[in-house]
Amino acid sequence: MLPHLTSGWNVDQAIVCDENKDRVVVIRFGDDANHICMEMDEHLYALAEEVRNFAVVYLVDTDEVPDFNDLYELHEDQCTIMFFFHGKHIKVDCGTGENNKINFLIHEKEEIIDIIEEVYRGAVKGKGLVISPKDYGHKWTF
Numbered sequence: 096m097l098p099h100l101t102s103g104w105n106v107d108q109a110i111v112c113d114e115n116k117d118r119v120v121v122i123r124f125g126d127d128a129n130h131i132c133m134e135m136d137e138h139l140y141a142l143a144e145e146v147r148n149f150a151v152v153y154l155v156d157t158d159e160v161p162d163f164n165d166l167y168e169l170h171e172d173q174c175t176i177m178f179f180f181h182g183k184h185i186k187v188d189c190g191t192g193e194n195n196k197i198n199f200l201i202h203e204k205e206e207i208i209d210i211i212e213e214v215y216r217g218a219v220k221g222k223g224l225v226i227s228p229k230d231y232g233h234k235w236t237f
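Counting along the sequence shown from 1, when you hit position 110 you're at 205 in the working numbering, and nothing is skipped either side.
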């Protein structure tokens, strides 16, 4: 299972205090019981071992930890993926117009890995915004 962060303090600590400072912190925000979150969680679980050297994945149930709902505008999203590196939010341009977060389901594990790798490469270079390897602007997957 992927680790769940059960308080706002735990989320803050995961973002700023990852034990290996050169890893991307990937956080899935959403309702654990939502079918879209469950499918995304399966993909994230399947890739977590592959990316462990440069990324760590956490889950946050927004009903249990509502602290970030306003800050990250999570109210209308069923499932949201966000990336952080050295305590800094890393934005991803997927071609959808929403660069702060990925709020759609990506069905292919390899596509998610490619995005995480791109985030890592950009974050290491000091970039706050990276371009997704694939343009999702024309195709919402919900």
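Even for Gly, the Cβ is constructed at its ideal location relative to N, Cα and C.
The alpha helix (DSSP H) enclosing residue i, as first and last residue numbers
i: G103; result: G103 to V111
Residue i - DSSP class collapsed to helix/strand/coil
i: F199; result: coil
i: L139; result: helix
i: G217; result: helix
i: F124; result: strand
i: K116; result: coil
i: F237; result: Per-residue confidence for F237 stands at a pLDDT of 46, beneath the threshold of 50, marking its modelled position as unreliable; no derived number is given.
i: D156; result: strand
i: H130; result: helix
Start-to-end residues for the beta strand (DSSP E) that takes in residue i
i: C174; result: C174 to F180
i: K183; result: K183 to D188
i: L224; result: L224 to I226
Proximity of residue i and residue j at Cβ, strictly below 8 Å
i: L139; j: V152; result: yes
i: L154; j: K204; result: no
### Query
Can you find at least 3 beta carbon pairs, one from the stretch 182-201 and one from the stretch 217-234, that sit closer than 8 Å?
yes
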